[in-house]
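Residue numbering for the sequence shown follows this note's numbering, beginning at 67 and increasing consecutively. Here is the structure we will look at.
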Amino acid sequence: MRAAENAEPSTGPLPLIALGQGLYYESPITFAAFAEYLAGHGFVVVTTPLTGTNSPLIKLDTQDLENQVRDLELAIARARELPFVSRDVLGVLGFDMGGMLGVLLSMRNPDVDAFASLDSGILFEHESGLPRISPGYDPAALRIPWLHATPPRALRPPSDSAQSLFETAVHAERYLLVTEGMGHVDFTSYALVEGRRDMLGYWPEPGAVAGVEGHKAVARYVLQFFSAHLLQDAASRERLSTAPEAKGARMTLERRPATPRSIGYDEFIAEVVAGRAEEAVAKLRAAAGGEPGQMLLERMYLERLAQHLMFTWGLAEEALPVIELMNERYPEAVFGQFLLGEAHVLREDYPAAIAVYERFLEEHPNDAGAKARLETLRQR
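Quick look at the structure:
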């Protein structure tokens with residue numbers, strides 16, 4: 067849909083919203099009214115049908131989900147060729163499985179400026195494993211405003227230890243809109259069809275009020291969300307702090323601010339190798355309390371980096387802050403003490419190396435390797 071009767075022409079370029087469709091709701095007609103509603107308020111909406119890689123019926127596997135991500139990327143690229151479409155402002159909206167592809171696209175693509183998901187199985191691990199088993203899935207990479215609208219049933223974790231994406235995507239400004247009284251179909255434009263009969267496997271007969279009014283309320287809130295974060299509209303931003311109201315549907319809202327990301331893997335390595343290890347480690351220390359999933363805080367990565375700095379690149383001085391951080395976090399790791407001693411040896415600071423091995427032997431007096439190494443160092 068690209069026209070409306072008596073509509074005032076817009077000057078453009080207009081922000082683009084890419085829309086991902088859902089399982090059992092594969093046709094773009096599913097969100098025709100929703101998309102037209104957004105288009106009528108200053109956005110261009112592009113979508114693709116939900117199909118499999120080699121079949122019109124999509125499978126719940128990584129290949130077919132990846133195919134959908136690629137389809138939507140192609141649609142975005144083609145839409146940006148239109149003269150009235152902005153090449154700089156992009157939002158992503160996904161329903162059901164479309165939210166899975168939408169979250170992957172948003173994690174991978176720095177061009178995405180805001181992401182909204184509607185009743186999509188991305189809060190916790192889906193029984194298929196998607197999208198968490200897909201390449202590029204990383205909660206720490208979601209660094210844009212994210213709105214997730216869901217019925218209460220989706221808030222129940224599959225196990226006591228499971229953390230939701232709402233908890234782990236700490237670098238995103240998050241909005242959780244809980245829509246009690248709405249069914250799955252009510253997020254789609256089918257909610258607006260008057261006299262709709264029930265359809266086996268899809269939806270029951272429509273409720274008296276909650277479906278239609280809930281749909282309209284969610285659509286208004288999604289519009290406010292994209293207006294605030296894509297159009298930078300201050301009034302819309304202010305209204306985002308209030309849950310929408312809908313007759314027959316109870317809605318609650320939780321918002322969490324984004325936590326600035328400390329330092330990424332590639333940036334950290336580059337900083338350390340460039341001689342700024344102290345500064346890089348300070349940023350990494352700041353992540354220790356509130357950045358789940360930071361791989362650089364894992365022992366394996368710290369050990370591996372320290373060994374390369376010392377024995378591959380000859381950067382023992384730069385290795386010291388990394389080893390000290392590792393030993394702070396993993397004091398039980400014997401290997402970290404050996405690395406610290408050998409880093410001092412490579413720096414030719416033998417008194418410091420001797421002191422490390424002496425302290426180690428106080429706690430491990432029967433370690434023959436440490437005894438032999440200490441004796442060798444004392445003879446230098």
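Beta carbons are placed, not taken as given, at the ideal position from N, Cα and C, and that holds for glycine. Treat the numbers as computed from the prediction; the structure is a model and nothing was measured.
In this structure, the straight-line span from the alpha carbon of Thr119 to that of Asn133 is close to 6 Å. Of Ala145, Pro218, Pro122, the smallest CA-CA separation from Tyr90 is found for Pro122. Residue nearest to Glu246 within the set Val284, Arg262, Leu440, Ala346 is Val284 (criterion: CA-CA distance). Per DSSP, the unbroken alpha helix (DSSP H) holding Glu428 starts and ends at 416-429. The C-beta separation of Trp269 from Val251 comes to about 4 Å, placing the pair in contact by the 8 Å criterion. In the DSSP annotation of this structure, the continuous segment of the beta strand (DSSP E) that includes His214 starts and ends at 212-216.
Residue burial annotation: Tyr203 is buried, with at least 16 other C-beta atoms found within 10 angstroms of its C-beta. For Ala346, the enclosing alpha helix (DSSP H) starts and ends at 343-353.
If you compare the alpha carbons of Leu213, Leu156, Leu296 with that of Arg322, the shortest gap goes to Leu213.
A distance below 7 Å separates the beta carbons of Leu208 and Met173. DSSP places Asp154 in the strand class (E or B) of the three-state scheme. A straight-line Cα-Cα distance of about 11 Å links Ala206 and Glu233. Sorting Ala336, Glu383, Gly402 by C-alpha distance to the C-alpha of Leu368 places Gly402 at the top. Counting only residues of its own chain and dropping the five nearest sequence neighbours on each side, Ser255 has a CB closer than 7 Å to the CB of Thr96, Phe97, Ala98, Ala99, Phe100.
With a threshold of 16 other beta carbon atoms within 10 Å, Asp154 falls short and is exposed.
Take Thr318, set aside five residues on each side of it, and the residues of its chain with a beta-carbon closer than 7 Å to its own are Val244, Ala309, in chain order.
Between Gly314 and Glu279, the gap from beta carbon to beta carbon is short of 7 Å. Contact between Phe291 and Tyr241 holds, with the beta-carbon distance rounding to 7 Å and staying under 8 Å.
With a minimum length of 3 residues, the unbroken runs of beta strand (DSSP E) contained wholly in the stretch 303-327 fall at 316-322. Going by C-alpha positions, Leu386 is about 57 Å away from Glu311.
In terms of Cα proximity to Gly78, the closest of Gly187, Leu140, Leu148 is Leu148. For Val110, the enclosing beta strand (DSSP E) covers residues 110-113. When the beta-carbon positions are compared, Gly195 and Ser183 stay at least 7 Å from each other.
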